[in-house]
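Chains as they are written, first to last, in the working numbering: chain W, 57 to 368; chain V, 305 to 571.
Right, one structure below, let's go through it.
The following block contains the structure:
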């Protein structure tokens, strides 16, 4: 039986007034006989930022599309809060040059809004001066900001961002993440963020889900950075600054992402019951018992005590 | 003194142009020019079917155009062939099948040339009622779905995620397109309907700053092309439908001329 990767249970999340925004349980999407994603569990609470990472083609966008209701899962199910107000910021829009479409029009694309509110939202996102610019002429960063202004205007409960910093320079990247954090703080919405980049997301994000057709590992940024699955996907350099602990997975991946169990590859390895779940942040080092079923305190060991100085 | 048949022709042509141009803007924005062409080419089959089943020609054209559009969507969903291949396949197959079916109807004297290139000077009072009545319905529906259709054109995924239904908007748009084709066939003929859809829209692009103004300017250009083309056809004794399309092309070309002082507006 294929193992089911699990996200961190919602009870480890920060305070959740108003209940969860959505709960995806074991969702799978099949295309042409192949599972694009399989057994993905994901829950998002209001005010929480969850980041999806993974290589190209690992199912990040597919997962987001299921969450947005753009794709119906072939397995598992997704429950969304009633009357959930959704904001979606795609990577880009393919708007034909023949369509005269300004940023102002983008703001009222799916519903009316008054001019003051539009101007305020655009200024808040730092693109007030672009209100009459053609959407097709915006740079990547300007476009993302315009779409985030849309989000501010619409006040969604759930905001889904698809690689918002792609093609944005370093300084712009930092500024965009600050804006995302501010939107979360001001609106109290839950944010699902798709990213290639763990480094910068980590600073604001509550939980990271590392996908490679299934959930490879999930948890706080620190725990995921320390996870060997993550290291295998992104290479050791990606985690130099943040690696804290290591633990061993009980599975590896075939070329197609298929899960291959590892039968004691390394006698020193601590293979544990649910290798896809990792919760390795510092605060929980001595207190793994409360994670409940399937986990016991012996699962996780710092391999190298010297590295346990936490990269922060 | 303008004769009655010229007046009827002008009213019919302008009526069609006022409806075709705004829809044509969406055809251009959605990059569906060849899609519209495919639906239009199937109109001949629709006209043949209408004769065979003894129903109204406009209704026959409408039904067959919708069926061809749905067939295209089904083939697209099935995958395997690129959309432009499917369009080429359907477009020319529909035209060829229509011509063959027409060939079987030996008992009737059919004006094939009229179907292909239009017969605007033969427009009767009933045609006028159909064009203006049908056109008003098409424009009313377009007005009702304007915002969601525009959202579905700009960002279908965002529209769907935010609670709209782009697939439904697309279907309604296809029905409207089939309606325009059905009422425009008599004016410019099935081979030239697409021109009436997209040339005014293309000509309006440089003059417009919003989607709405582009649609209205396109409608004006379309009406102007009909009036000018019709006048030229009568004066020079040329076929009216093609002359209208040439007039639209001339207006488009005039729009390309860089006017002094205009560059600043559009920088």
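Backbone N, C-alpha and C fix where the C-beta goes; we use that ideal spot for every residue, glycine too.
{"Item": "9 Å Cβ cut-off: residues of chain W touching residue 380/V", "Value": "Per Cβ cutoff of 9 Å: no residues; residue 380/V is ~16 Å from chain W at best."}
{"Item": "Backbone secondary structure at residue 249/W - three-state DSSP", "Value": "strand"}
{"Item": "Secondary structure of residue 78/W, DSSP reduced to three states", "Value": "strand"}
{"Item": "Under 8 Å by beta carbon: chain W residues contacting residue 520/V", "Value": "Ordered by position in chain W, no residue passes the 8 Å Cβ test against residue 520/V, which lies about 12 Å from the chain."}
{"Item": "Status (buried if at least 16 other CB within 10 Å, exposed otherwise) for residue 448/V", "Value": "exposed"}
{"Item": "Contact set for residue 357/V: own chain, Cβ-Cβ below 8 Å, skip 5 residues either direction", "Value": "364"}
{"Item": "Reduced DSSP secondary structure (H/G/I, E/B, other) of residue 154/W", "Value": "coil"}
{"Item": "Counterpart residues of residue 142/W in DSSP-defined beta bridges", "Value": "214/W"}
{"Item": "Closer than 8 Å to chain V by CB, residue 57/W", "Value": "The predicted position of residue 57/W is uncertain, since its pLDDT is 39 and thus under 50; a value taken from the coordinates is nonetheless stated next. Chain V contact via Cβ: absent."}
{"Item": "Neighbour flag for residue 127/W against chain V, beta carbons, 8 Å", "Value": "no"}
{"Item": "Bridge partner(s) assigned by DSSP for residue 87/W", "Value": "90/W"}
{"Item": "Between the CA atoms of residue 197/W and residue 228/W - distance to the nearest angstrom", "Value": "7 Å"}
{"Item": "Best match in 105/W, 223/W, 90/W, 91/W for proximity to residue 262/W [C-alpha to C-alpha]", "Value": "105/W"}
{"Item": "Residues sharing a beta bridge with residue 107/W, DSSP", "Value": "249/W, 264/W"}
{"Item": "Cutoff 8 Å: residue 163/W Cβ touching any chain V Cβ", "Value": "no"}
{"Item": "Interface residues of chain W facing residue 464/V [CB-CB closer than 9 Å]", "Value": "124, 125, 126, 144"}
{"Item": "Chain-ordered residues of the region 180 to 206 of chain W with a beta carbon less than 7 Å from chain V", "Value": "none"}
{"Item": "Top-ranked residue by Cα proximity to residue 360/V, from 434/V, 442/V, 556/V, 446/V", "Value": "434/V"}
{"Item": "Chain V residues whose Cβ lies nearer than 8 Å to that of residue 149/W", "Value": "458, 459, 462"}
{"Item": "Coil, strand or helix - residue 313/W by DSSP", "Value": "Model confidence at residue 313/W stands at a pLDDT of 49, short of 50, so the residue's coordinates are unreliable; what they give is reported in the following sentence. Looking at residue 313/W - three-state DSSP - the assignment turns out to be coil, as it is neither helix nor strand."}
{"Item": "C-beta atoms of residue 458/V and residue 149/W nearer than 8 Å", "Value": "yes"}
{"Item": "Segment limits, beta strand (DSSP E) that includes residue 134/W", "Value": "131 to 136"}
{"Item": "Residue 275/W - partner residues in DSSP beta bridges", "Value": "264/W"}
{"Item": "Proximity winner among 153/W, 180/W, 249/W, 77/W, relative to residue 515/V (alpha-carbon distances)", "Value": "153/W"}
{"Item": "Cβ-based neighbour list, residue 201/W, same chain, cut-off 6 Å, excluding 5 preceding and 5 following", "Value": "181, 182, 183"}
{"Item": "Cβ neighbours of residue 391/V in the same chain (closer than 8 Å, five flanking residues each side left out)", "Value": "338, 339, 341, 342, 376"}
{"Item": "Contacting residues, own chain, Cβ-Cβ under 8 Å from residue 557/V (five flanking each side not counted)", "Value": "none"}
{"Item": "Where the alpha helix (DSSP H) containing residue 472/V begins and where it ends", "Value": "470 to 492"}
{"Item": "Own chain residues within Cβ distance below 7 Å of residue 240/W, not counting five before or after", "Value": "103, 105, 247"}
{"Item": "Neighbourhood of residue 86/W by C-beta, 6 Å cutoff - its chain only, sequence neighbours within 5 removed", "Value": "130"}
{"Item": "Three-state secondary structure (DSSP) of residue 97/W", "Value": "strand"}
{"Item": "Neighbour flag for residue 156/W against chain V, beta carbons, 8 Å", "Value": "yes"}
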